[in-house]
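K.L.:
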Amino acid sequence: MHNLSNTVLRPFVAALALATVSVVAVHAEDAKPDPALANSLNPNDKEKDEKLLARDAAVKVDDGKYIDSLGHPTFRVTNEGKKVDWYLYSGYRRYHAECHVCHGPDAMGSTYAPALKDSLKRLSYEEFIGILAGGKRDTEAGQEKVMPAFGDNKNVMCYADDLYVYLKARAAGAWGRARPGEKEEKPEAVKTTEKECLGG
Numbered sequence: 048m049h050n051l052s053n054t055v056l057r058p059f060v061a062a063l064a065l066a067t068v069s070v071v072a073v074h075a076e077d078a079k080p081d082p083a084l085a086n087s088l089n090p091n092d093k094e095k096d097e098k099l100l101a102r103d104a105a106v107k108v109d110d111g112k113y114i115d116s117l118g119h120p121t122f123r124v125t126n127e128g129k130k131v132d133w134y135l136y137s138g139y140r141r142y143h144a145e146c147h148v149c150h151g152p153d154a155m156g157s158t159y160a161p162a163l164k165d166s167l168k169r170l171s172y173e174e175f176i177g178i179l180a181g182g183k184r185d186t187e188a189g190q191e192k193v194m195p196a197f198g199d200n201k202n203v204m205c206y207a208d209d210l211y212v213y214l215k216a217r218a219a220g221a222w223g224r225a226r227p228g229e230k231e232e233k234p235e236a237v238k239t240t241e242k243e244c245l246g247g
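Pasting the structure below:
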């Protein structure tokens, strides 16, 4: 019975996550990056992807969460590449608590899981949330790779946006292979949402 409930529940949770994301994400037509929200990246970073940096640039901030032109969460790096927004910082911590065992330190990949810093160059926010919640199964050259579903894991799903922001920053080269030092204060909205999500 337990296996049946997981078989039925996981696709439902994934579909619910995608529906929620679709409702929450608001497309900001003709949105342009706000100069006040501009990133000031580390000039010594050689892995920057200018196209992704432009696409993922923040156009507004809402209760400490930076939003791109598609209405999705994004990163902000300031102070000459030394200071990050709260979500990037939290995403780094959550990634290294939950994801790095398979996907490698700093999202660099491993022999059995892809480098998420590369995957997030092409995955949309909705696709990322769907895979995170519902899992994924790939069969390549006779080798099967399985990403487990985390839809019922609050330590992952309550921080899905944080993970997304961190991985987008890695994909664009806005943040390198380092633990963030300086960070923005934890927004009050995050404290409230975190408490509600975790049931505290």
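Numbers in the working numbering are just positions in the sequence shown, counted from 1, shifted up by 47.
Built from N, CA and C at the ideal position, the CB exists for glycine as well.
Tell me residue 184's beta-bridge partners as DSSP assigns them.
P.N.:
According to DSSP, residue 184 bridges with 193.
K.L.:
Let me know the secondary structure DSSP gives residue 24 once reduced to three states.
P.N.:
For the chain, the structure presents residues 48 to 247; residue 24 sits outside this window and is missing.
K.L.:
Pick helix, strand or coil for residue 326, following the three-state DSSP scheme.
P.N.:
Limits of the chain in this structure are 48 at one end and 247 at the other, which puts residue 326 out of reach.
K.L.:
So residue 110 and residue 231 are supposed to be a Cβ contact under 8 angstroms. How far apart are they, rounded?
P.N.:
About 12 angstroms separates the two Cβ atoms, so there is no contact after all.
K.L.:
Smallest Cα separation from residue 102: which of 236, 239, 221 and 245?
P.N.:
Out of 236, 239, 221 and 245, 221 has the C-alpha closest to the C-alpha of residue 102.
K.L.:
Starting from the Cα of residue 124, find the closest Cα among 95, 195 and 168 and give me that residue.
P.N.:
Looking at the Cα atoms, 95 is the closest of the given residues.
K.L.:
For residue 208, is the classification buried or exposed, using 16 other Cβ atoms within 10 angstroms of its Cβ as the cut-off for buried?
P.N.:
Its Cβ being crowded by 16 or more others within 10 Å, residue 208 is buried.
K.L.:
Return the Cβ separation of residue 198 and residue 216 in integer angstroms, given the expectation that the two are a contact with Cβ distance under 8 angstroms.
P.N.:
With a Cβ gap of about 24 angstroms, residue 198 and residue 216 do not count as contacting.
K.L.:
Roughly how many whole angstroms lie between the Cα atoms of residue 115 and residue 122?
P.N.:
Their backbone Cα atoms lie some 9 angstroms apart in a straight line.
K.L.:
Report buried or exposed for residue 152, applying the criterion of at least 16 other Cβ atoms within 10 angstroms of its Cβ.
P.N.:
Burial call: exposed.
K.L.:
Go to residue 113, then tell me how far its beta strand (DSSP E) extends in each direction, as first and last residue.
P.N.:
First-last of the beta strand (DSSP E) with residue 113: 112-114.
K.L.:
Ends of the alpha helix (DSSP H) at residue 209?
P.N.:
Here the alpha helix (DSSP H) through residue 209 covers 207-219.
K.L.:
Buried or exposed: which applies to residue 146, given that a residue is buried once 16 or more other Cβ atoms fall within 10 Å of its Cβ?
P.N.:
Buried is the call here.
K.L.:
Determine the direct distance from the alpha carbon of residue 183 to that of residue 169, and round the result to whole angstroms.
P.N.:
In a straight line, the C-alpha of residue 169 is about 16 angstroms away from that of residue 183.
K.L.:
With respect to the alpha helix (DSSP H) encompassing residue 108, which residues constitute its N-terminal and C-terminal limits?
P.N.:
Premise fails: residue 108 lies in the beta strand (DSSP E), 107-109, not in any alpha helix (DSSP H).
K.L.:
What span of residues does the alpha helix (DSSP H) with residue 160 cover, start to end?
P.N.:
Counting along the chain, residue 160 falls outside any alpha helix (DSSP H), and DSSP gives it neither H nor E.
K.L.:
Thinking C-beta only, is residue 135 closer than 7 angstroms to residue 213?
P.N.:
Their beta carbons are under 7 angstroms apart, which means residue 213 touches residue 135 by this criterion.
K.L.:
Is it true that the CB of residue 141 sits closer than 7 angstroms to the CB of residue 210?
P.N.:
In this structure, residue 141 lies closer than 7 angstroms to residue 210 by Cβ.
K.L.:
In the DSSP output, which residue or residues are listed as bridge partners for residue 131?
P.N.:
Answer is 124 and 230, bridged to residue 131.
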